[in-house]
Amino acid sequence: MSWRTCLITLYLFCLSLKLGFTETNNNITAAIKSAGFKIVHRIRSDPDKSRGGGVGVIHRADIILTQVFLSHGATFESVSAKFKDKDGVNIFCACVYRPGVLSDAFFSDFDDFIGSIFVRFTKIVICGDLNIHLDNCRSKHATMFSDLISSYGLTQLVTDPTHRLGHLLDVVICS
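The sequence shown stops at residue 213 when you use my numbering, and every number in between is there.
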């Protein structure tokens, strides 16, 4: 099966990139659009402009997706959007990326982020790379994260390692 055949069956895809998206090089965006998809993304602004990257939500062109602007602390990046399911109910989706050194401020920022979503939407999907070893049940940070999403009745669906060294760093969280 070719990648184009796989893409035809795909409706929505969240993407976190360390490299690729830049203000001046939009080859990735062009390739996405030429395959019949659209993208809502936030390009990472790197002070030395050498890295690029960012977060994005890719969707089939026939899905009407509207970007949702939510403010949050500086401990992670996000891009958010909403679309309607077959019954006309809004579904919120976000792609998040948490770079750098993990601090307790992230948990406060992420709590505020989820709280602002929770009052507006009942169907929620949050995907991304949090760079937290969620597979380590003795980790303070893994426990804090699990407790945080559980307090909103959200579920983390990813259970297998997502990193080449065997850790679970990526999430698909939903209501």
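Each residue gets a CB set at the ideal place from its N, CA and C atoms; glycine is no exception. Just so you know, these numbers come straight off a predicted model, no measurement behind them.
Less than 8 angstroms divides the Cβ of residue 209 from the Cβ of residue 164.
Here DSSP, grouped into helix, strand and coil, assigns residue 174 to coil. Here residue 101 carries a coil assignment [DSSP, helix/strand/coil]. Within the model, the alpha-carbon separation for residue 71 versus residue 65 is close to 10 angstroms. Under DSSP, residue 121 forms a beta bridge with 129. Within its own chain, the residues whose Cβ lies closer than 8 angstroms to the Cβ of residue 150, once the five positions on either side in sequence are excluded, are 110, 111, listed in chain order.
Cα atoms of residue 160 and residue 190: separation of roughly 11 angstroms, rounded to the nearest angstrom. Between residue 155 and residue 130 a beta carbon distance of about 6 angstroms is seen, short of the 8 angstroms cut, so the two are scored as contacting. DSSP, reduced to helix, strand and coil, places residue 154 within a helical segment of the structure shown.
Residue 108 is not a Cβ neighbour of residue 134, given a cutoff of 8 angstroms.
Residue pairing by DSSP places residue 162 opposite 130 in a beta bridge. Residue 68: member of the alpha helix (DSSP H) spanning 65-72, first to last residue. Ranked by Cα distance from residue 212, the first of 148, 78, 172, 187 is 187. A straight line joining the alpha-carbon of residue 137 with that of residue 101 spans about 30 angstroms.
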